[in-house]
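Peer 1:
2 protein chains.
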Amino acid sequence: MIPLLVQLWLYTSVILNYGLVFCHVLQESLLSSASGYSNYRGILNWCVVMLVLCNARLFLENLIKYGILVDPIQVVSLFLKDPYNWPASCLIIVSNVFIMAALYTERRLSVGTISETTGTFLYLVNLTTLLFFPSATVLMLTSITPVGGAFALCVYTILFMKLYSYKDVNMWCREIRHTKARTLTRSHSCPSVAQSNGSAVHAHVSYPGNLTHRDIYYFVFAPTLCYELNFPRSPRIRKSFLLRRLFEMLFFIQLQIGLVQQWMVPTIQNSMKPFQDMDFSRMIERMLKLAVPNHLIWLIFFYWFFHSSMNFVAELMRFGDREFYQDWWNSETVTYFWSNWNIPVHKWCLRHFYKPLMGRGVNKWVAQTAIFLVSAFFHEYLVSVPLKMFRLWAFMGMMSQIPLAWFVGRFLRGNYGNAAVWISLIIGQPIAVLMYVHDFYVLHYVSQS
Amino acid sequence: MIPLLVQLWLYTSVILNYGLVFCHVLQESLLSSASGYSNYRGILNWCVVMLVLCNARLFLENLIKYGILVDPIQVVSLFLKDPYNWPASCLIIVSNVFIMAALYTERRLSVGTISETTGTFLYLVNLTTLLFFPSATVLMLTSITPVGGAFALCVYTILFMKLYSYKDVNMWCREIRHTKARTLTRSHSCPSVAQSNGSAVHAHVSYPGNLTHRDIYYFVFAPTLCYELNFPRSPRIRKSFLLRRLFEMLFFIQLQIGLVQQWMVPTIQNSMKPFQDMDFSRMIERMLKLAVPNHLIWLIFFYWFFHSSMNFVAELMRFGDREFYQDWWNSETVTYFWSNWNIPVHKWCLRHFYKPLMGRGVNKWVAQTAIFLVSAFFHEYLVSVPLKMFRLWAFMGMMSQIPLAWFVGRFLRGNYGNAAVWISLIIGQPIAVLMYVHDFYVLHYVSQS
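Sequence order for the protein chains is A and B. Sequential numbering from 2 applies to the first sequence in this note's numbering. Sequential numbering from 2 applies to the second sequence in this note's numbering.
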């Protein structure tokens, strides 16, 4: 018995020593492509840390150089020149007129007191006025500030898209009612499509029943541009979710204002001289310097607007569809970016512009180009009118997306495509911003002095 | 037939219109935690783009401010003061004496002409001399530069670890031979463990057959610190792999030198004044400014040394085990980082220090602390001796890892732990660098003037 135990112990010792003697295995390094390794989760944290530290330094440098420039009261003066005169707010209140006009047109159309042609004509008048009235007001009123004007025009543009959708959907509903009526007279055995579609939804609204004040105002405030008779609703308001989004909204708006005042304004002011002197290397240096705060503010704006604010409003209204953006950060083509970063607008374009155009047999590329054209028009509209300065930089910026999209789609794949999209975002915006600011500066300050 | 077709067309139209009418779905936003979405692959590209652009700007700013400071010829002067006197190279050539001493000691031990105790004593003398001889030379020779000295000491430290491993493994082999001899005399039926372990390997070497010049020099040049009789070998030298690694080696070494000359040196020079005046906010600003280039250079160094260079050498020597690092970038604890970023050293510590200590019944925490102590000693040794200035900053930097490891392990989990590791890396290094540079500057320039 004992010799066996000793032998066993000796074997164990041999095996243990062998375990120590052999310590290398035939294998590839992780970073070699042959290893197939791809877990770089830590790199994300690294980026966050690096960005925080880099910006902490820039922040400190900025503070040492300029002192504290953040001034929340100053923001008010951007909206109001004269505290007794609130032109932008008045403009927004007036917008109710257009909402009412749309509702009453629809009511007339639903009972058939006016024809479809008259309806279309009334809408044409209503929607055209909706675009031209505020822009004319902003251009003529001297008491309106550029920021106030831009805000009012944004509200009107959103309203324009919403009412256009309202018109289309109600028209489709009338078409369905018409078709159903015709099929029902022809054959009594046809099953009701509406019934099978909406049976599970509580308090299901069908066509003429939706033409109420309550319904149209819910749509106007809802975070979507596409009208639907029965929006999906979330079961209840989650209070903690609501409070978190509210906190984010308040925090990020402050952060954006602070970053603009402390970081962008001094950088832009410093870049005016190189741009006037056309000192090329310094111009690029300034542009790259501006790119970082501009891009960060845009990212914060994205999160603030598309995640915090829209989710806040949606939660408050128990609006169920929270798809306000898709994973545009992974986009490998320019087209993917544009169709995923702003889902409300993309959905609207697809439903009320692209598909109807395609239905009329228009070529796919022509329809896409048309969307970019319309988008470019609205970008220009929202910038030029408030600044009272027509330069077409925003228009050209949007239109340049078409050759860019072609180039990226043609030559770049995967991560290279993604990097190209990011570069166009990071570099493209500050160029446009500097263009407008430069022209605005030359127009208002150089010509006066 | 025709009425049926018409009816079918009408149904299709109804369904198509329904598809248009319904366009919202009950769903969460991607960034809400409820969505469960986690694909942020694009963020990685964003980081790369942002880092490239930020650094492009810093590069341009740096160029405008300082002009071109990169000077490859200047690097040579770091190694050589006097072109006719190459002390560091001479030191490295002398190191062959120690290799030979180890080999001949082992040969005597294998045939039994000297006892194990004599062998251990000879090794003690050999290895102690190996550490003290170069440091004494570096401290006494005035013609040696700090960089040349550090390089020679690194070579000697690596050699120390290799020869220590050589001694251990050969000792284990003698133990195995001894045990096998004893078991074989006792029972002839025992199967050969060595046979079953190495049967598949071509030209398998067993114990005394490994004590050749060829074998020890292969080990000295192989990218590992752990000796093994039969290293796993890759089947062939992949030429394209070799060329890529060679190109990376040449490119990254140039990049590192360029970054040091163009970015670190001006930043360090500018930070001397705030550090002398003890201007606290500027000191932090300078430290953060230095953190970025220092960290980037460290990252490039990591890739250059552990991926490019080691893989190059391994490919050239057909050395199979390419695990020179693990995924330390994902490390959530300080301990994980230290045991994964430098696998050769970690493997050595585990095999020749930690496991033998544990085998003698030493507590796990005591053994870990001992490893950090030894590591701290070598860090200090490699910095203080070439600078001829004993300040203990490197020693304290390494020793501070123990409380840091405890803190991170105790309070931070997941991504927070990972971020803490990154912060300690990004911030810790430049503090130590600035400490040494500041003291070196005060010692050599302020005292002279």
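Glycine residues also receive a C-beta, built at the ideal position from the N, C-alpha and C atoms.
1. What is the DSSP secondary structure of B:CYS191, reduced to helix, strand or coil?
2. Of all the options B:TRP299, B:LYS389 and B:ARG234, which has the alpha carbon lying nearest to the alpha carbon of B:LEU142?
3. For the pair the stretch 150 to 163 of chain A and the stretch 92 to 104 of chain A, tell me if three or more CB-CB distances fall below 8 angstroms.
4. With a 10 Å radius around its C-beta and 16 neighbouring C-beta atoms as the bar for buried, classify B:GLN75 as buried or exposed.
5. State buried or exposed for A:TRP305, treating a residue as buried only when at least 16 other CB atoms are found within 10 Å of its CB.
6. Give the secondary structure of B:ILE94 by DSSP, where H, G and I count as helix, E and B as strand, and everything else as coil.
7. Any idea what DSSP makes of A:PHE313, helix, strand or coil?
8. If you measure from the beta carbon of B:GLU286 to each beta carbon in chain A, is any gap under 8 angstroms?
9. Are the CB atoms of B:ASN295 and B:MET273 within a distance shorter than 8 angstroms?
10. Keeping to the same chain, check which residues put their C-beta closer than 8 angstroms to that of A:ASN341; ignore five residues upstream and five downstream.
11. For A:VAL71 and A:TRP339, I'd like the C-alpha separation in whole angstroms.
12. Compare the C-beta of B:ALA292 against all C-beta atoms of chain A and say whether one is closer than 8 angstroms.
13. Starting from A:ASP322, find everything on chain B with Cβ-Cβ shorter than 7 angstroms and list it in chain order.
14. Ordered along the chain, which non-local residues of its own chain (more than five positions away) have a Cβ less than 8 angstroms from that of A:ILE69?
15. Leaving aside the five residues before and after A:LEU140 along the sequence, list all residues of the same chain whose C-beta is less than 8 angstroms from its C-beta, in chain order.
16. Tell me where the alpha helix (DSSP H) around A:LYS356 begins and ends.
17. Run through DSSP, which three-state label would A:GLY199 get?
18. Name, please, each residue of chain A whose Cβ falls closer than 7 angstroms to the Cβ of B:LEU54.
19. So what does DSSP say about B:GLN255, is it helix, strand or coil?
20. Below 8 angstroms between beta carbons is the criterion; list the residues of the stretch 343 to 371 of chain A that meet it against any residue of chain B, in chain order.
21. Short of 7 angstroms in beta carbon distance, which residues of its chain neighbour B:ARG283, apart from the five on each side in sequence? Order them along the chain.
22. On a CA-only basis, which of A:LEU444, A:VAL443, A:TRP349 and A:TRP423 is nearest B:VAL53? Give me that one, please.
23. Spatial neighbours of A:HIS439 within its chain, please: CB distance less than 6 angstroms, with the 5 preceding and 5 following residues excluded, ordered by chain position.
24. Would you be able to state if there are at least three C-beta pairs under 8 angstroms between the stretch 170 to 177 of chain A and the stretch 231 to 240 of chain A?
25. Just verifying my parser: in three-state terms, what is the DSSP assignment at B:ASP216?
26. Does chain A have any CB closer than 8 angstroms to the CB of B:PHE232?
27. What is the C-beta distance between A:GLY321 and A:PRO431, in whole angstroms, given that I count them as a contact (C-beta under 8 angstroms)?
28. If we cut at 8 angstroms on Cβ distances, does A:PHE325 have a partner in chain B?
29. Under the rule that 16 or more other beta-carbon atoms within 10 Å means buried, what is B:SER425, buried or exposed?
30. Quick check: the Cα distance between A:ALA201 and A:LYS163, rounded to an integer number of angstroms?
31. Is it true that the stretch 242 to 262 of chain A meets the stretch 50 to 66 of chain A, where meeting means three or more beta-carbon pairs spaced less than 8 angstroms apart?
32. Please classify B:ILE145: does DSSP put it in a helix, a strand, or coil?
33. Nearest by alpha-carbon distance to A:PHE471: which of A:LEU317, A:TYR355, A:GLU249 and A:ASN271 is it?
34. Thinking just about the alpha-carbon of each residue, which of B:THR114, B:ARG323, B:LEU289 and B:GLU381 is nearest to the one in B:LEU1?
35. Is there a Cβ from chain A that is less than 8 angstroms from the Cβ of B:ASN331?
Peer 2: Result, derived from the coordinates:
1. Confidence at B:CYS191 is low in this model, with a pLDDT of 36, below 50, so its placement is unreliable and the value that follows should be read with caution. DSSP places B:CYS191 in coil when its eight states are reduced to three.
2. B:LYS389
3. yes
4. exposed
5. buried
6. helix
7. helix
8. yes
9. no
10. TYR326, GLN327, ASP328, TRP329, SER332 and HIS347
11. 33 angstroms
12. yes
13. HIS25, VAL26, LEU27 and GLN28
14. GLN263
15. VAL386 and LYS389
16. 356 to 360
17. The predicted model places A:GLY199 with a pLDDT of 40, which falls under 50 and marks its position as unreliable; any figure quoted below should be read in that light. Helix, per DSSP.
18. LEU289, ALA292 and ILE427
19. helix
20. LYS348, ARG352 and LYS356
21. PRO275
22. A:TRP423
23. PHE276
24. no
25. helix
26. yes
27. Not confirmed; about 37 angstroms, so no contact.
28. yes
29. buried
30. Any reading at A:ALA201 must be qualified, since the residue scores a pLDDT of 44, below 50, and its modelled position is unreliable; the value itself is stated next. Whole-angstrom Cα-Cα distance: 27 angstroms.
31. no
32. strand
33. Because chain A in this structure spans residues 2 to 450, residue 471 of chain A falls outside the shown range and cannot be described.
34. For residue 1 of chain B there is no data in the structure shown, the boundaries of chain B being 2 and 450.
35. yes
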